[in-house]
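Student:
Protein chains: 2
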Amino acid sequence: MGYSDFTGQYKYSVDSKNRVNIPSRYRKLMTEEDVREVVISKGIDSNHIDVYPLPKWIALRDKITASMQLVNRVHRNFLRQFTQNAAHCTLDSQGRIMLTPALMEKAGIKSNGNVVIIGMIDFMEIWDPGELQKHEDNTPLTDSDFEKLEQLPLI
Amino acid sequence: MGYSDFTGQYKYSVDSKNRVNIPSRYRKLMTEEDVREVVISKGIDSNHIDVYPLPKWIALRDKITASMQLVNRVHRNFLRQFTQNAAHCTLDSQGRIMLTPALMEKAGIKSNGNVVIIGMIDFMEIWDPGELQKHEDNTPLTDSDFEKLEQLPLI
DNA sequence: TAGTTTTGTGGGAGATTGTGGGTAATCTTA
DNA sequence: TAAGATTACCCACAATCTCCCACAAAACTA
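Chains as they are written, first to last, in my numbering: chain A, 5 to 159; chain B, 5 to 159.
(1) Between which residues of its own chain and B/His92 is the CB-CB distance below 7 Å, once the five residues before and five after are set aside?
(2) Hey, quick one: how far does the beta strand (DSSP E) through A/Gly117 stretch, first residue to last?
(3) From the beta carbon of A/Thr11, is the nearest beta carbon of chain B less than 8 Å away?
(4) So which of B/Pro133, B/Glu129 and B/Glu135 has the shortest CA-CA distance to B/Thr11?
(5) Buried or exposed for A/Lys114, please, with buried defined as at least 16 other CB atoms from any protein chain shown within 10 angstroms of its CB.
(6) Mind checking if A/Ile62 is an interface residue toward chain B, Cβ cutoff 8 Å exclusive?
(7) By how many angstroms is the C-alpha of A/Asp49 removed from the C-alpha of A/Leu95?
(8) How big is the Cα-Cα spacing for B/Ile53 and A/Ser45?
(9) Give the interface partners of B/Thr87 over in chain A, defined as CB-CB distance under 8 Å, in chain order.
(10) When the Cα atoms are used, what is the spatial distance from A/Asn22 to A/Lys32?
(11) Take the Cβ of A/Ala111 as the centre, count every other Cβ of all protein chains shown within 10 Å, and call the residue buried at 16 or more, exposed below.
(12) Using Cβ-Cβ distances below 7 Å, what residues of the segment 45 to 61 of chain A are close to chain B?
(13) Indicate whether B/Asp19 and B/Asn118 have their beta-carbon atoms separated by less than 8 Å.
(14) Mind pulling the chain B residues with CB within less than 7 Å of A/Thr143?
(15) Within the present structure, is the beta-carbon of A/Val39 separated from the nearest heavy atom of the ligand SAM by less than 7 Å?
(16) Closest to A/Arg29 by C-alpha separation, out of A/Leu136, A/Gly99 and A/Ala63, would be which residue?
(17) Taking all protein chains shown into account, decide if B/Leu136 is buried (16 or more other Cβ within 10 angstroms of its Cβ) or exposed.
(18) Could you work out which residues of chain A lie near B/Leu74, taking near to mean beta carbons separated by less than 7 Å?
(19) Report the option in A/Leu74, A/Val39 and A/Gly47 whose CA atom is closest to the CA atom of A/Leu58.
(20) Output needed for A/Asn25: all residues of its chain with C-beta closer than 7 Å, excluding positions within five of it in sequence on either side, in chain order.
(21) Using a Cβ cut-off of 8 Å (strictly closer), state whether B/Ala111 contacts chain A.
(22) Using the three-state DSSP reduction, which class does B/Phe82 fall into: helix, strand or coil?
(23) Within 8 Å of any Cβ in chain A, is that where the Cβ of B/His92 sits?
(24) Return helix, strand or coil for A/Thr11, following the three-state DSSP convention.
(25) Reducing DSSP to helix, strand and coil, say where B/Ser148 ends up.
(26) Find the nearest neighbour of A/Phe82 within the set A/Thr104, A/Glu109, A/Met102 and A/Gly47, judged by alpha-carbon distance.
(27) May I have the straight-line CA-CA distance separating B/Asp126 from B/Ala63, to the nearest angstrom?
(28) Give a yes or no on whether the C-beta atoms belonging to A/Pro27 and A/Ile122 are separated by under 8 Å.
(29) Give a yes or no on whether 8 Å exceeds the smallest Cβ distance from B/Val24 to chain A.
(30) Does the beta-carbon of A/Ile159 have 16 or more other beta-carbons within 10 angstroms, so that it is buried, or is it exposed?
(31) Residues of chain A with CB closer than 7 Å to the CB of B/Glu69, please, in chain order.
(32) Can you name, in chain order, every residue of its own chain whose Cβ lies under 7 Å from the Cβ of B/Met102, other than the five neighbours on each side?
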C-alpha cells in the first residue's frame, strides 16, 4: 500500500451529527489510490477508535481469517471483538466520516466534543483528548523500553 | 543514499509563520536526487527537532513497521510515539520548511526566534540555541562513553 | 573593484480547509 | 403504505495555509 504514510497528530471537533473530519493530507494520500471508504473499529488494546482504509482492512481481515482456528476459544473471542464493532464509512463530499454511537461510547467521545487523530502509518487512531492523555500518563516509554528497542535492528 | 553528507552548523531565524531555512548546501545535495520533501520529528533522546529527508524517513519507517506487531501493546505505544510527532514538510520555492507548533513547543523554539541546524550525515537536527548550549554543558562525552563506543564497531 | 548570482528573509493574494446547517433522498417501523 | 427517523448531499463561510513575488545582504566572478 504505497499511499500509507499517515503521521502526525491533528485536533478536530465532532459535530452534532457525529461527523469528524479526516486530515486533508490523509485524504489526498487515499484518493491518490481511489480509496473513499474506511472501516472504523474499536481500538485493539485501548479505548479509542481505529480507522482502516478499506484495502488495509481487507488485508487485516484476510490475515486474521487465514490463521484463525475457529475451535480455539481465544481466537473466536478475538474475531468477535474485531468484527462486531467494525463499521464501514464512506467519506462525505467534505471528507468527513460519521462515527457510530456505539464506538463513540466505548472511546469516550462525545457529540459536539473534540478528538485527536493520530497517524499510525497505514491506519489512524481517533482518541478523546482526555483518554489519550490518561493513556500516555499510564504507559510512558521508559529508558528500559528504549534499551530493548536498541537491541532490535530497528534504527 | 548517496547524497547524504550533511555536516556543519548553521544559524537561521524562524519567521512569524514558523518557517526555517534549510542550508543551501543541504538543499543542493537533496535536489541532486530529487528530494523535495522531509519529515520532521521529535528528537529521540532530547529536546530538539530531527529532520529526515524523505528516503531516509521511509527507510526508518519500514524498518520499524516490518518488525511491528499491532496486537502488541508495547509495539503499538512505540509506533504511536514515533509517528505522532512526525510531520511531512515540502520545501517551499525558497527552500524553507514550516515547523509545527507542537514540535516547536517541545524543542523550545519560538516564532521570530533563532535556531541552530546541525548536520548528522544523513539527517539534520534543529535546536534552540539555548537548549543546545544546555545540552552540551550537561552531557559531555566521558571516558566511559568512549569505552562504550570502542565496543561497538562504530569507528 | 564592479557587476552578477546566490542566499536568507518578509509579506500579500488566492486557494484550501475545517465546520455548520438546510434539504431531499433513503431507510425503519408500525 | 405512511409517518417518522436517519442519512447523504449540497451550499456557505471564516480562518488558515500555500504559493508567489520582492528585495537586501552576502558571496562569487571577471
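The C-beta atom is built at its ideal place from N, Cα and C for all residues, glycine as well. All of these numbers come straight from a predicted model, not from anything done at the bench.
Tutor: Let me spell this out:
(1) If we look at B/His92 and ignore the five residues flanking it on each side, its Cβ neighbours are Glu41 and Val43.
(2) Neither: A/Gly117 is in no beta strand (DSSP E) and is coded neither H nor E.
(3) Interface residue, yes.
(4) Out of B/Pro133, B/Glu129 and B/Glu135, B/Glu129 has the C-alpha closest to the C-alpha of B/Thr11.
(5) The residue is exposed, with fewer than 16 neighbouring Cβ atoms inside 10 Å.
(6) By this cut-off, A/Ile62 is not an interface position.
(7) Those two C-alpha atoms are separated by around 26 Å.
(8) Cα to Cα, B/Ile53 sits roughly 33 Å from A/Ser45.
(9) The answer, in chain order, is Phe10, Thr11, Gly12, Ile122, Gly123, Met124 and Ile125.
(10) Taking the straight line from one Cα to the other gives about 22 Å.
(11) Taking every protein chain shown into account, the CB of A/Ala111 has 16 or more other CB atoms within 10 angstroms, so this residue is buried.
(12) Within the segment 45 to 61 of chain A, the qualifying residues are Ile48 and Asp49.
(13) A distance of 8 Å or more separates the beta carbons of B/Asp19 and B/Asn118.
(14) Going along chain B in sequence order, the residues near A/Thr143 (Cβ under 7 Å) are Asn81.
(15) The ligand SAM is absent from the structure shown, which contains no ligands of any kind.
(16) Checked all of A/Leu136, A/Gly99 and A/Ala63; the closest Cα to A/Arg29 is A/Gly99.
(17) Per the 10 Å Cβ criterion, buried.
(18) For B/Leu74, the C-beta contacts it makes with chain A under 7 Å involve Ile48, in order along the chain.
(19) The residue with the shortest Cα to Cα distance from A/Leu58 is A/Val39.
(20) Sequence-distant Cβ neighbours of A/Asn25 in its own chain, meaning closer than 7 Å and more than five residues away, are Tyr16, Gly99 and Arg100.
(21) It does not; no Cβ of chain A falls within 8 Å.
(22) When DSSP states are grouped into helix, strand and coil, B/Phe82 belongs to the helix group.
(23) B/His92 counts as touching chain A.
(24) Note: A/Thr11 maps to coil in three-state DSSP.
(25) Looking at B/Ser148 - three-state DSSP - the assignment turns out to be helix.
(26) That would be A/Gly47, whose Cα lies nearest to the Cα of A/Phe82.
(27) When rounded, the distance between both Cα atoms is 12 Å.
(28) The answer is no: Cβ separation not under 8 Å.
(29) Not closer than 8 Å to any Cβ of chain A, the Cβ of B/Val24 fails to qualify, so no.
(30) Because the pLDDT of A/Ile159 is 39, which lies under 50, any placement of that residue in the model is unreliable, and the question is left without a value.
(31) Per the sequence shown, residue 69 of chain B should be read as Thr rather than Glu. Within chain A, the residues near B/Thr69 are Ile125.
(32) Result list for B/Met102: Lys21, Asn22, Arg23 and Cys93, in chain order.
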